[in-house]
Amino acid sequence: MRAMKPAESGTLELHGFQIGYEIFGDPQSPPVLLLPTWQIAPSLHWRMQVPFLARNFRVITYDPPGIGGGERTTDPAAFECDRVVDYAVGLLDHLGVAQADVIGISMGGTWGLWLAARYPERVKRLALLGAVPPEWAYGEDPTFWEKRDRYEGWEKRNAHYWRADYDGWLDFFFHQVCTEPHATKAIDDLTKWAQETTPDSLIASVINHNLFPKMPFDEIFEHIRCPVMLIHGVDDHIADIAFSRRLIEKRPEWALVIFEGSGHLTHGSDPVKVNQLLSDYLGVPQPKRRSWARAEGRKNPRALFISSPIGLGHVQRDLAIARELRQIEPDLQIEWLAQPPVTQVLAQHGQTIHPLSHFLASESA
18 MRAMKPAESG
28 TLELHGFQIG
38 YEIFGDPQSP
48 PVLLLPTWQI
58 APSLHWRMQV
68 PFLARNFRVI
78 TYDPPGIGGG
88 ERTTDPAAFE
98 CDRVVDYAVG
108 LLDHLGVAQA
118 DVIGISMGGT
128 WGLWLAARYP
138 ERVKRLALLG
148 AVPPEWAYGE
158 DPTFWEKRDR
168 YEGWEKRNAH
178 YWRADYDGWL
188 DFFFHQVCTE
198 PHATKAIDDL
208 TKWAQETTPD
218 SLIASVINHN
228 LFPKMPFDEI
238 FEHIRCPVML
248 IHGVDDHIAD
258 IAFSRRLIEK
268 RPEWALVIFE
278 GSGHLTHGSD
288 PVKVNQLLSD
298 YLGVPQPKRR
308 SWARAEGRKN
318 PRALFISSPI
328 GLGHVQRDLA
338 IARELRQIEP
348 DLQIEWLAQP
358 PVTQVLAQHG
368 QTIHPLSHFL
378 ASESA
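So the sequence shown is numbered by my numbering: it starts at 18 and just counts up by one.
#1: So for Glu236, helix, strand or coil by DSSP?
#2: Where are the alpha helix (DSSP H) runs, 4 residues long or more, that stay fully inside the segment 312 to 359, in chain order?
#3: Expressed to the nearest angstrom, what Euclidean distance is found between the alpha-carbon atoms of Ala320 and Lys290?
#4: From Ser26 to Thr196, what does the alpha carbon distance come to, in whole angstroms?
#5: Suppose contacts are defined by Cβ-Cβ distances below 8 angstroms. Is Met124 in contact with Val149 by that definition?
#6: Residue ranges of each beta strand (DSSP E) run of no fewer than 3 residues wholly in the segment 154 to 227, ordered along the chain?
#7: Would you tell me roughly how many angstroms separate the C-alpha atoms of Thr214 and Gly278, rounded to the nearest one?
#8: What distance in whole Å lies between the Cβ atoms of Asp118 and Leu299, which are believed to be in contact at a cut-off of 8 angstroms?
#9: Excluding sequence positions up to five away, which residues of its chain have a Cβ less than 7 angstroms from the Cβ of Ile220?
#10: Tell me Met246's beta-bridge partners as DSSP assigns them.
#11: Does the segment 137 to 155 come into contact with the segment 66 to 81, if we say contact requires no fewer than three beta-carbon pairs (one atom in each stretch) closer than 8 angstroms?
#12: Taking the beta carbon of Phe238 as the centre, do at least 16 other beta carbons fall within 10 Å, making it buried, or is it exposed?
#13: Could you tell me which of Ser324, Glu346, Arg340 sits nearest to Leu8, measuring between CA atoms?
#14: What residue does the alpha helix (DSSP H) around Asp103 start on, and which one ends it?
#15: Bridge partners for Arg64 per DSSP, in chain order?
#16: Report the rounded CA-to-CA distance for Ala58 versus Gly86, giving the unit in angstroms.
#17: Does the distance from the CB of Pro93 to the CB of Leu228 come in under 8 angstroms?
#18: Where does Tyr298 sit, in a helix, a strand or coil, going by DSSP?
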């Protein structure tokens, strides 16, 4: 189940390989390109950003070879940093987009930096979350090819282990990706998505000097002209925050937002804050609130009810709960986040429907 379905989707052959892409939102809205991450996860990982951003932007996502809508291949050429960047430019050309805001996470941080450096005229603004340097994926690591009797911790980042116990690698890796408490849903989803690719595809995408970008790291700062915002979790077990600090040292005018207590996937663990930051950064007018009070200090208490559309028994139960709550707190103001046919039942009972309800994807079809 997806909160929003794409307005357009398709495949495109670029630079010898096939990518898959999806587009959301009004085609007349300003474009935002959400870059892919390492091929262990498809563009679905942006699921908490796409519906939010699509209210104000034409949101473009793509899957490179190896995952999602991209073709399956073990050819290392498909995973070259410069080629992944060129996929993005080729897709923008195909869609007639001259310039876009660009957002990337993890390996998407590498691709975003080199996209903005190699094609500065194509990137209006750049936002990077938990960015990793190209060395993280492509750098030499002799231990990656060493066969062992036993693999512990990061020793599992090993070609032999991936082929022998792919599920074991996924379990270890995604627990490093999602370090926050109560991250089981994110880990489950990432593990499921990672089954779309194979150990051999992932092996072809890493530990290979030929995959490095041609433009040296120190040169990118001379070429990037757009504003850049970095978001990084302090508890990131994949991409050390030191890399984002290093970027800021090179370009002090870039912004760095630090998330205390957050891990690698801030857009999944803290989506509301990330979405607000992105929205503000991308120039969406923000609501002006003149005053705010904590819940216990409000004159009229408020509640938001979320009622399932699967069977009308749920809404009857929720209405009964609401009646009992109003007996206890007569001034309680309740709004309902719901969709048809629940909204019709609520309207019959004189309930207030939250205005954001119309953004919900239908679950009753």
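Quick reminder that beta carbons are idealized off the backbone N, C-alpha and C, glycines included.
Taking the geometry as given:
#1: helix
#2: 330 to 345
#3: 21 angstroms
#4: 33 angstroms
#5: yes
#6: none
#7: 31 angstroms
#8: 5 angstroms
#9: Ala176, Trp179
#10: Ala144, Ala272
#11: no
#12: exposed
#13: The requested residue 8 is not part of the displayed model; the chain covers only 18 to 382.
#14: 98 to 112
#15: BP columns for Arg64 are empty, so no partner.
#16: 11 angstroms
#17: yes
#18: helix
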